[in-house]
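Per my numbering, the very first residue in the sequence shown carries number 133; after that it's consecutive. Where is the CB? At the ideal position from N, CA and C, for every residue including glycine. Treat the numbers as computed from the prediction; the structure is a model and nothing was measured.
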Amino acid sequence: ERGSREKGNLMDPRDHDHDHDHNHNRDHGHHAHHHGSSHRTHRFHPSQLDRLTSAERHAELPPLASLSAAGVVGGMTVIDLGCGPGFFAIPAAGIVGPMGHVYGVDVQAGMIEHLRGEIDRRQIPNVSVLLSTESRVALPDETADIVFIAMVLHEVDDPVAFLGEAGRLVKRDGAIAIIEFHKRDDLVDGPPMAHRVSVGELSGLATLAGLKVGLTTDLTDRFYLTKLTRDIG
């Protein structure tokens, strides 16, 4: 069944070979940045994959601690939206274990191909990868216990539609975990301040997407985590 789902991946019609040079920051984001037509467009060239999974990044935002803060535990089904090269998806597979499953979803074919190669090389049986568009993922409603979205929301063209799709994918009693850069002038490393999403802005977007805003915690000085749930009254 998982194999058939993977073969049914949605292709992003905009996913063609024109890369842009984005030198506004040496360490902008851990995940692949979603490819669209607006000013928010950012893509990482395959040559930058090592930078996306570097030891510096692991120290800056430890994947296991971040996933634990998001509520990921054994036996869960997790969807990593904007999974990039698997910075979180691969460690998530270890947390959920053989009774759980991880779906790594991204709009960039290069990222998906890289992650698939890593899964094969490491012989990880409980990760599936899917190429998608920003607002439509080829998975059934209520697939995931946790929809995990790290350093991606500030890049998407339509955040409300994107969050709405996350809401479709999460179970009624599940949660959407958003990790983003703090929007503070003293934190110069990261995406441009105009592109960042503050906690208040995220709350507004979530409400428009029909989601309920839960607890926000500081993961580090630079990153916060906010949990969202389906607003089912």
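Proximity below 7 Å, CB of residue i to CB of residue j
| i | j | result |
| --- | --- | --- |
| Val329 | Thr348 | no |
| Arg254 | Gly299 | no |
| Gly232 | Leu247 | no |
| Ala276 | Val292 | no |
| Gly214 | Val284 | yes |
| Ile278 | Ala201 | no |
Cut-off 7 Å between Cβ atoms - residues of its own chain near residue i, not counting five sequence neighbours on either side
| i | result |
| --- | --- |
| Pro295 | Checking the displayed sequence, the identity of residue 295 turns out to be Leu instead of Pro. Here the set comprises Leu337, Ala338, Ala341 and Leu343. |
| Ile244 | Asp238, Val261 and Leu263 |
| Ala225 | Val234, Ile256, Asn258 and Val259 |
| Arg103 | Residue 103 is absent from the structure shown; the chain starts at 133 and stops at 365. |
| Glu297 | Ser267, Arg268 and Val269 |
Residue environment, residue i, which counts as buried when at least 16 other CB atoms sit within 10 Å
| i | result |
| --- | --- |
| Ile364 | exposed |
| Gly322 | buried |
| Ala326 | exposed |
| Glu312 | buried |
| Glu188 | exposed |
Close Cβ partners of residue i (< 8 Å) along its chain, the five nearest in sequence each way excluded
| i | result |
| --- | --- |
| Val228 | Val204, Val205, Gly206, Gly207, Met208, Thr209, Val210, Val234 and Asn258 |
| Ala197 | Leu351 |
| Phe220 | His162, His163, Pro195, Ser198, Leu199, Asp212, Phe280 and Ala282 |
| Asp273 | Arg300 and Leu301 |
| Gly346 | Ala307, Thr358, Lys359, Leu360 and Thr361 |
For residue i: DSSP bridge partner residues
| i | result |
| --- | --- |
| Val279 | Ile211 and Ile308 |
| Leu357 | Ile311 and Thr349 |
Cutoff 6 Å; reference residue i; Cβ partners in own chain excluding five residues on either side
| i | result |
| --- | --- |
| Glu250 | Gly218 |
| Leu319 | Arg354 |
| Lys315 | Arg328 and Ser330 |
Please list the segments of the alpha helix (DSSP H) lying wholly inside the stretch 293 to 353, counting only runs of 4 or more residues, in order along the chain. 331 to 340, all fully within the stretch 293 to 353.
Hey, which unbroken runs of the beta strand (DSSP E) at 3 residues or more fall wholly within the stretch 189 to 274? Within the stretch 189 to 274, the runs of beta strand (DSSP E) at least 3 residues long that lie entirely inside it are, in chain order, 209 to 213, 233 to 238 and 259 to 263.
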